[in-house]
Amino acid sequence: MQFAVIGLGVFGRACAFELQSQGNEVLGIDMDVQEVNKVSDILSHSVIADATDIETLKELNLSQFDGVIVSIGEDLEASLLCTLNLIKLPAKNLWVKAKTDAHHDILHSLGVENIIHPEQDMGIRIAQAMAYPMMKQYLALGNEEFVVRIDVPQNARPISVGKIKSRHPDTSLLLIIRNNEILRDFNNDTLIQYPDRVLYTGLVKDLKYLSKSFTQS
Numbered sequence: 001m002q003f004a005v006i007g008l009g010v011f012g013r014a015c016a017f018e019l020q021s022q023g024n025e026v027l028g029i030d031m032d033v034q035e036v037n038k039v040s041d042i043l044s045h046s047v048i049a050d051a052t053d054i055e056t057l058k059e060l061n062l063s064q065f066d067g068v069i070v071s072i073g074e075d076l077e078a079s080l081l082c083t084l085n086l087i088k089l090p091a092k093n094l095w096v097k098a099k100t101d102a103h104h105d106i107l108h109s110l111g112v113e114n115i116i117h118p119e120q121d122m123g124i125r126i127a128q129a130m131a132y133p134m135m136k137q138y139l140a141l142g143n144e145e146f147v148v149r150i151d152v153p154q155n156a157r158p159i160s161v162g163k164i165k166s167r168h169p170d171t172s173l174l175l176i177i178r179n180n181e182i183l184r185d186f187n188n189d190t191l192i193q194y195p196d197r198v199l200y201t202g203l204v205k206d207l208k209y210l211s212k213s214f215t216q217s
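Numbering of the sequence shown is given in the UniProt record's numbering, commencing with residue 1 and proceeding in unit increments.
Below, the structure written as structure tokens:
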């Protein structure tokens, strides 16, 4: 797959490098030659270009890419002009970094569905990881719905799937990871215990309450 990352600061580079590591073809774009030089030996392609110029974006054929990330966070005008141009192309699977709430609101009014707040999102992740250390990873599905991985702590008592379900009926167990094997064939009598890892889906408020079951069983 082909992806483009516009703005090669710390966040943009991290996105570009991760996409590249997954076997994708990545084009890095920035007006700063120093930022482009930092990625030129790693990314498939990198170019010094003004992404606020729609003709430049057309020449780069960005409408044919599988996804584009706009990581221009500091310069609000440049971010918005670039985003407008990408919408006009139109670009597929557009993700835009927002620096402020006002920036977010403008992007939302333009119809951008995927708006990124790296610092805010990381702050939330750190706070949740500190408050709920057994919840190791999560995936936001929208409307406060999440998929989370919970690592059963060593001091937890074994607890059955059915008992958890009776306490937390609005959550759903997707799978159990035990000894590096994925278990999908479980029933209400199946015991969850250390060092199992479990994947649950539900509303974030219910999942936070659920995570306490493994220390209060």
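Ideal Cβ placement from N, Cα and C applies to all residues, glycine included.
The model shown is predicted, which means the values in this text are computed figures rather than measured ones.
How about the stretch 24-43 and the stretch 94-105: do they share at least three Cβ pairs that are nearer than 8 Å?
Judged by Cβ distances under 8 Å, the stretch 24-43 makes no contact with the stretch 94-105, as fewer than three pairs qualify.
Exposed or buried, what is ILE87 when buried is set at 16 or more other beta-carbons lying within 10 Å of its beta-carbon?
Within the sequence shown, residue 87 is the residue found at index 87, counting from 1. Its Cβ having fewer than 16 others within 10 Å, ILE87 is exposed.
ASN85: buried (16+ other C-beta within 10 angstroms of its C-beta) or exposed?
Position 85 of the sequence shown holds residue 85. When all chains shown are included, ASN85 counts as buried.
In this structure, does DSSP put HIS108 in helix, strand or coil?
The residue you call residue 108 lines up with position 108 of the sequence shown. HIS108: helix per DSSP, three-state reduction.
Span of the beta strand (DSSP E) around VAL147
Stepping through the sequence shown from its first residue, residue 147 is reached at position 147. 145-151 is the extent of the beta strand (DSSP E) around VAL147.
What does the Cβ neighbour count give for LYS97, buried or exposed, with the cut at 16 atoms within 10 Å?
Counting from one through the sequence shown, the residue named residue 97 turns up at place 97. So LYS97 ends up on the buried side.
Other residues of its chain near CYS82: CB distance less than 7 Å, five sequence neighbours each side excluded
Position 82 of the sequence shown holds residue 82. Excluding sequence neighbours, CYS82 sits near ILE6, ALA51, THR52, VAL70, ILE72.
In chain order, what residues of the same chain lie with their CB nearer than 7 Å to the CB of TYR209, ignoring the 5 residues before and after it?
One-based indexing of the sequence shown puts residue 209 at position 209. Close CB contacts of TYR209 within its chain, under the 7 Å cut and outside five residues either way in sequence, are with HIS168 (chain order).
Do you know offhand how far VAL204's Cα is from ALA156's?
Indexing the sequence shown from 1 puts residue 204 at position 204. Indexing the sequence shown from 1 puts residue 156 at position 156. Those two C-alpha atoms are separated by around 22 Å.
Only counting the same chain, and skipping five residues up and downstream in sequence, which positions put a Cβ closer than 6 Å to that of ASN188?
Against the sequence shown, residue 188 aligns to sequence position 188. So the qualifying residues of the chain are VAL161, GLY162.
Can the beta-carbon of LEU60 be found closer than 7 Å to that of GLY28?
Within the sequence shown, residue 60 is the residue found at index 60, counting from 1. Within the sequence shown, residue 28 is the residue found at index 28, counting from 1. At a Cβ-Cβ threshold of 7 Å, LEU60 and GLY28 do not count as neighbours.
Can you tell me whether GLU181 is helix, strand or coil according to DSSP?
Residue mapping note: residue 181 aligns to position 181 of the sequence shown, counting from 1. Strand at GLU181.
Below 8 Å on the Cβ atoms is my guess for PRO158 versus ILE192; work out the distance and round it to an integer in Å.
Taking the sequence shown and counting its residues from 1, one reaches residue 158 at position 158. Taking the sequence shown and counting its residues from 1, one reaches residue 192 at position 192. About 7 Å separates the two Cβ atoms, so the contact holds.
Give, in chain order, every unbroken run of the beta strand (DSSP E) that is at least 3 residues long and sits entirely within the UniProt domain "RCK N-terminal" (1-116).
Here the runs fully enclosed are 2-6, 25-30, 45-48, 67-70, 94-97, 114-116.
If ILE106 sits next to LEU89, beta carbons under 8 Å apart, how far is it from one beta carbon to the other, in whole angstroms?
Taking the first residue of the sequence shown as position 1, residue 106 is located at position 106. Taking the first residue of the sequence shown as position 1, residue 89 is located at position 89. The Cβ separation is near 19 Å, so there is no contact.
Nearest residue (CA-CA) to SER21, options LEU57, MET1, THR190:
Mapped onto the sequence shown, residue 21 falls at position 21. Answer by Cα proximity: MET1.
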